[in-house]
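Q:
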Amino acid sequence: MAIKLGIIGSAGRMGRRIATLAQQDENFRITCAVERADHPAQGVDLGELLGLGKLDLAISSKWSAKPDVLIDFTTPQATIEFLAAARKDAVPMVIGTTGLSPEQLATVKDAGKDIAVLQAANMSLGVNLLFRLVGQVAAALGDDYDIEITETHHRFKKDAPSGTALELARQICAATKKDFDSCITHGRSGAEVSRQPGNIGMHARRQGDVVGEHTVAFSTLGETLELTHKAHSRDIFARGALTAAAWIVTQPPGLYDMLDVLGLKK
Ligand code: NAD
Numbered sequence: 009m010a011i012k013l014g015i016i017g018s019a020g021r022m023g024r025r026i027a028t029l030a031q032q033d034e035n036f037r038i039t040c041a042v043e044r045a046d047h048p049a050q051g052v053d054l055g056e057l058l059g060l061g062k063l064d065l066a067i068s069s070k071w072s073a074k075p076d077v078l079i080d081f082t083t084p085q086a087t088i089e090f091l092a093a094a095r096k097d098a099v100p101m102v103i104g105t106t107g108l109s110p111e112q113l114a115t116v117k118d119a120g121k122d123i124a125v126l127q128a129a130n131m132s133l134g135v136n137l138l139f140r141l142v143g144q145v146a147a148a149l150g151d152d153y154d155i156e157i158t159e160t161h162h163r164f165k166k167d168a169p170s171g172t173a174l175e176l177a178r179q180i181c182a183a184t185k186k187d188f189d190s191c192i193t194h195g196r197s198g199a200e201v202s203r204q205p206g207n208i209g210m211h212a213r214r215q216g217d218v219v220g221e222h223t224v225a226f227s228t229l230g231e232t233l234e235l236t237h238k239a240h241s242r243d244i245f246a247r248g249a250l251t252a253a254a255w256i257v258t259q260p261p262g263l264y265d266m267l268d269v270l271g272l273k274k
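Using the working numbering, you'd call the opening residue of the sequence shown number 9 and step up by one each time.
1) Would you check whether the ligand NAD has a heavy atom nearer than 8 Å to the C-beta of residue 134?
2) Does any heavy atom of the ligand GTP sit closer than 8 Å to the C-beta of residue 58?
3) If we call anything under 9 Å between Cβ atoms a contact, is residue 138 one with residue 218?
4) Compare the beta carbon distance of residue 265 and residue 113 with 9 Å and say whether it is the shorter of the two.
5) I need the DSSP call for residue 248, collapsed to helix, strand or coil.
6) Should residue 69 be counted as a contact of the ligand NAD given a C-beta to heavy atom distance under 8 Å?
7) Shorter than 8 Å, the distance from the beta carbon of residue 16 to the closest heavy atom of the ligand NAD, or not?
8) Check each candidate in 28, 14, 245 and 135 and name the one with the smallest Cα separation from residue 222.
9) Run the proximity test for residue 98: is its beta-carbon closer than 8 Å to any non-hydrogen atom belonging to the ligand NAD?
10) Considering only DSSP beta bridges, list what residue 213 is partnered with.
11) Under 8 Å by Cβ, that's how I've got residue 1 and residue 145 pegged, so tell me the actual separation to the nearest angstrom.
12) Taking the Cβ atom as the reference point for each residue, do residue 129 and residue 174 lie within a distance shorter than 9 Å?
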């Protein structure tokens with residue numbers, strides 16, 4: 009039987025791609041499409057919004073007809089609001105929204121006591137493999153290799169650095185026993201900003217319609233090793249979100265990430 013899917017942020021860049029791909033996938037049936045109350049798409053038929061013809065499913069500001077799973081790509085504030093509703097009604101939730109504060113992340117973790125929650129800054133297989141690789145490379149190369157992370161995204165992206173860039177740094181810190189909170193240098197500007205040994209440089213570029221690019225560079229005197237991931241379209245994240253949604257409906261309460269779905273957990 010098809011999984012009843014609710015999409016929060018359904019008129020957004022990611023929401024539209026998730027809805028379009030879910031509509032083409034017989035494993036899913038979209039039963040609610042949610043948008044913020046003042047969005048111009050309120051009341052519009054989801055199929056018509058997507059150019060797929062009428063689906064008899066109006067976009068609304070609340071989810072109804074209890075879905076089997078929710079996918080959320082919105083804003084941190086909206087995510088936390090909808091997570092509270094999902095927790096109350098025992099609906100598993102896949103969270104793709106980035107830029108959550110430490111307090112909001114703690115709320116997400118706490119919800120895992122009651123419902124299955126999957127939160128991932130990046131839903132692509134390639135990036136999740138990269139999460140594993142950067143830790144291994146950093147540990148193998150050691151402290152004489154300077155690490156700089158550069159990410160590039162489209163001009164509309166709100167948060168910086170990207171959730172993916174922060175997760176890359178977290179993975180490196182975990183593998184090399186660095187303290188994440190004290191070892192990140194965000195950009196450099198000023199007269200006395202020479203590189204501190206062991207620090208991880210973090211740089212965010214915002215330009216045009218770039219979907220998402222991340223490079224982790226390891227340099228010493230004499231050589232540089234770069235690991236780069238480029239997303240060609242949002243569909244890689246949308247497909248990942250749907251894979252995660254299909255996976256999470258069979259899981260017990262807990263906090264999960266894409267490494268669990270992809271079987272890449274250590
Ligand atoms: P977007 O601005 O195009 O879409 C967000 C949508 O959420 C908008 O349509 C907005 O109206 C809606 N929204 C805001 N508040 C709402 C509310 N209270 N109720 C319902 N809907 C609400 O942004 P986007 O490019 O689709 O990205 C959304 C989020 O997903 C960002 O945080 C982005 O960084 C993240 N993202 C994550 C991944 C991943 O793989 N995890 C990939 C791409 C983007």
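All residues carry an ideal CB built from backbone N, CA and C; glycine is no exception.
A: According to the data block:
1) Working through the sequence shown from its first residue, we reach residue 134 at position 126. Not under cutoff, so the answer is no.
2) The ligand GTP is absent from the structure shown, which contains only the ligand NAD.
3) Here residue 138 corresponds to residue number 130 of the sequence shown, with the count starting at 1. Here residue 218 corresponds to residue number 210 of the sequence shown, with the count starting at 1. No.
4) Here the question's residue 265 lines up with position 257 in the sequence shown. Here the question's residue 113 lines up with position 105 in the sequence shown. No, Cβ-Cβ distance for residue 265 and residue 113 is not below 9 Å.
5) The residue you call residue 248 lines up with position 240 of the sequence shown. Here residue 248 sits in helix by DSSP.
6) As a working mapping, residue 69 is identified with position 61 in the sequence shown. Yes, the ligand NAD has a heavy atom inside 8 Å of this Cβ.
7) The sequence position of residue 16 within the sequence shown is 8, counting from 1. Checking every heavy atom of the ligand NAD against the Cβ of residue 16, one is found closer than 8 Å.
8) Counting from one through the sequence shown, the residue named residue 222 turns up at place 214. Checked all of 28, 14, 245 and 135; the closest Cα to residue 222 is 135.
9) Here residue 98 is taken as the residue at index 90 of the sequence shown, counted from 1. No, the ligand NAD has no heavy atom inside 8 Å of this Cβ.
10) The count along the sequence shown starts at 1 and reaches residue 213 at position 205. According to DSSP, residue 213 bridges with 160.
11) Beyond the ends of the chain as shown, which are 9 and 274, falls residue 1; an answer cannot be given.
12) For the purposes of this step, residue 129 is taken as residue 121 along the sequence shown, with counting starting at 1. For the purposes of this step, residue 174 is taken as residue 166 along the sequence shown, with counting starting at 1. Against a cut-off of 9 Å, the Cβ pair of residue 174 and residue 129 comes out as a contact.
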